[in-house]
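Read in order, the letters of the sequence shown correspond to residues 261 to 766 in the working numbering.
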Amino acid sequence: MKLLLDRREALQVASDAVLLGLAEGGKDAMLPPALAPEDKVVGGAIERAWAAKELRGKRREVTIVHRSDRAGRFVLVGLGARPLTAESLRVAAAEAAKRLRGKGIRTVSVALPTFTAGEVPAAVAVQAIAEGLTLGSYQYLQYKANNETSVEEATIGLGRVHGGEEGSLKRALAESTKLLDAVLWTRDLANAPPNIATPAWLAAQAETLTDLGLKVAVFDEKKLAELGCGGILAVGSGSRHPPRMVVVEWPGGSRKGRTVAIVGKGITFDSGGISIKAALGMQEMKFDKAGACAVLGTLRAAAVLKAPTRVVGILACAENLVGEGAYRPGDIVRTYSGKTIEVTNTDAEGRVVLSDALAYAVDKYHPDEIIDIATLTGAALTALGENIAAVVGNNERLENALVVCGTATGELLWRLPLTDTHREMVRSDVADVKNSVEPKIAGVLMGGTFLEQFVGETPWAHLDIAGPAYARLGTLKYCPPYQPLGATAFGVRLLTEYLLGESVAL
Ligand code: BES
Ligand code: ZN
Ligand code: ZN
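Right under this line is the structure:
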């Protein structure tokens with residue numbers, strides 16, 4: 261979607277529809293005076309609908325009123341109850357974009373003052389509106405012939421109220437656009453089907469980032485064997501599409517010296533391996549690469565937004581299948597760190613590939629911090645549902661900082677504890693650690709504790725995104741409207757926010 265900014269009132273900008281934000285009023289609240297000019301154009305129809313309580317400004321309420329001057333329509337978008345936040349506006353704009361789909365409406369203008377409503381800073385509102393419209397209109401259509409039209413162009417009208425802030429708002433919009441490009445790219449990657457998106461394909465997508473000034477290195481199976489990455493090799497051994505480890509580096513700018521490593525689980529398809537999964541819903545396991553895709557998207561955003569810190573992204577990519585070379589329960593594999601893993605369940609493959617990538621990141625880059633992001637456990641989905649990711653780690657400050665960033669971007673995180681009991685539970689009788697523990701309790705914590713064994717003393721946080729990585733059809737209506745069916749790119753906006761170090765906790 262093309263996003264533009266205009267000093268004029270949205271009403272003065274020619275478009276197929278003018279979007280007007282409307283907050284929920286109190287019991288006898290009046291229609292906000294800011295809507296008087298529009299109400300005049302429709303002969304008081306907005307006021308009458310408000311008085312009749314057909315229009316109430318509720319979250320996700322969208323009302324279309326055709327203009328008497330035949331210049332298109334007004335779309336009244338509910339902002340929900342006050343206080344308004346970035347999230348209220350993101351949800352409202354996304355709901356509007358979705359509801360305008362298939363109506364032949366190609367251009368919209370957005371009346372910014374009706375969205376800021378005197379309480380949201382204009383720059384925050386511009387970003388949230390840009391995100392809502394863009395993310396809410398996204399659909400994965402690469403392989404579909406017939407599609408509905410979506411809004412193609414949105415002009416944010418500053419009007420008299422915000423006209424004076426034009427310069428700073430233009431910058432805010434330009435930055436948002438760059439970030440959103442990275443988010444949409446991430447969604448396209450994560451949505452790609454597993455017959456196309458093999459480990460080598462993911463590596464090739466990473467290589468396109470060299471155009472943006474990022475350094476990219478791809479390790480094939482031969483190089484992985486030389487390095488001693490027995491975990492990635494074991495998981496990938498059941499597939500004809502061999503595994504890859506990919507390192508993407510953003511050298512950073514002003515705050516040179518600080519290095520943040522971000523590690524992603526890139527299982528291009530997770531059948532479970534010999535410990536095979538049930539058939540129902542198995543197609544969803546193409547999203548098991550979502551963590552790695554989020555790492556790529558974050559590195560792209562870090563480059564185009566010129567993040568001050570050095571960022572190293574590492575993708576652990578493999579396909580977990582059942583070919584004759586497949587690893588089996590009972591196998592013991594030696595990982596990059598030298599630590600050995602007893603494989604007790606081939607479906608707990610994410611932690612096995614990450615063990616190599618985490619240890620490699622620590623050994624080669626000595627990062628100040630390391631964050632991994634992975635669709636690691638069904639237990640995360642059970643515990644926190646589809647809209648919240650779990651965060652565990654060995655560093656409270658880092659974990660809390662990530663929670664704050666997630667609150668700002670609408671990518672919610674909840675902290676869970678790791679204890680010595682869990683550390684005892686991952687120990688194996690025949691190897692250093694085992695990848696799955698019976699009985700299967702505290703799945704998120706067991707996954708986290710396993711990973712902890714491979715980061716040494718480095719401050720580390722692990723995001724288990726098995727819930728929010730993708731939106732499922734059955735529960736789509738409970739997801740925020742800016743999360744469409746399929747990949748959400750969860751983590752990209754959050755991690756970018758963290759790297760840019762400007763967490764605006766609204
Ligand atoms: N990729 C799955 C986790 C998953 C489940 C992601 C649902 C997204 C939605 C992971 O590899 C897995 O299968 N984990 C096992 C671990 C267990 C065997 C210890 C699980 O969660 O059952
Ligand atoms: Zn698995
Ligand atoms: Zn998996």
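We put the CB at the ideal spot given by N, CA and C, even for glycine. Please read all numbers here as calculations on a predicted model, not as lab measurements.
Residue from the options whose Cα sits closest to the Cα of residue i
i, options, result
"residue 265", "490, 453, 435, 334", "435"
"residue 297", "306, 289, 460", "306"
"residue 323", "526, 356, 557", "356"
"residue 570", "521, 526, 606, 593", "521"
"residue 585", "299, 417, 270, 533", "533"
"residue 378", "308, 336, 292", "292"
"residue 380", "345, 743, 361", "345"
"residue 549", "692, 632, 373", "632"
"residue 603", "696, 525, 725, 647", "696"
"residue 524", "498, 546, 553, 500", "553"
"residue 272", "331, 700, 469", "331"
"residue 361", "289, 681, 411", "411"
"residue 518", "270, 268, 761", "761"
"residue 502", "374, 480, 683, 325", "480"
"residue 546", "529, 560, 739", "529"
"residue 628", "279, 657, 673", "657"
"residue 375", "363, 351, 333", "351"
"residue 470", "577, 729, 540, 510", "510"
"residue 590", "390, 428, 601", "601"
"residue 450", "399, 431, 426", "399"
"residue 577", "541, 732, 560, 616", "616"
"residue 587", "299, 317, 499, 406", "499"
"residue 325", "677, 537, 301", "301"
Residue span of the alpha helix (DSSP H) that contains residue i, given as start and end
i, result
"residue 492", "490-496"
"residue 665", "656-669"
"residue 714", "Looking at the DSSP string, residue 714 is not in any alpha helix (DSSP H), and its letter there is neither H nor E."
"residue 685", "680-685"
"residue 351", "346-359"
"residue 673", "Note, residue 673: premise wrong, no alpha helix (DSSP H); beta strand (DSSP E) at 672-675."
"residue 593", "Not the alpha helix (DSSP H): residue 593 falls in the beta strand (DSSP E), residues 592-594."
"residue 560", "550-564"
"residue 308", "305-311"
"residue 300", "296-301"
"residue 589", "It is not in any alpha helix (DSSP H) - residue 589 carries neither H nor E in the DSSP assignment."
"residue 426", "426-451"
"residue 422", "419-422"
"residue 625", "610-625"
Cβ pair residue i, residue j closer than 7 Å
i, j, result
"residue 575", "residue 506", "yes"
"residue 531", "residue 580", "yes"
"residue 476", "residue 460", "no"
"residue 342", "residue 388", "no"
"residue 593", "residue 496", "no"
"residue 618", "residue 704", "no"
"residue 572", "residue 625", "yes"
"residue 693", "residue 713", "yes"
"residue 649", "residue 725", "yes"
"residue 337", "residue 417", "no"
"residue 749", "residue 651", "no"
"residue 442", "residue 557", "yes"
"residue 606", "residue 688", "no"
"residue 562", "residue 440", "no"
"residue 718", "residue 622", "yes"
"residue 386", "residue 414", "no"
"residue 729", "residue 642", "no"
"residue 432", "residue 383", "yes"
"residue 666", "residue 673", "yes"
In DSSP terms, what residue i is bridged to
i, result
"residue 336", "280, 323"
"residue 504", "577"
"residue 413", "262, 367"
"residue 730", "747"
"residue 524", "575, 633"
"residue 653", "721"
"residue 479", "505"
"residue 510", "571"
"residue 547", "DSSP lists no partner for residue 547."
"residue 694", "602"
"residue 519", "570"
"residue 530", "580"
"residue 648", "672"
Range covered by the beta strand (DSSP E) that runs through residue i
i, result
"residue 602", "600-602"
"residue 722", "720-724"
Ligand 4 heavy atom lying under 6 Å from the CB of residue i
i, result
"residue 601", "Only ligand 1, ligand 2 and ligand 3 can be found as ligands here, which leaves ligand 4 out of the picture."
Would you list the residues whose beta-carbon is nearer than 5 Å to any heavy atom of ligand 1, in the order they occur in the chain? 530, 548, 605, 607, 608, 610, 635, 637, 638, 696, 726
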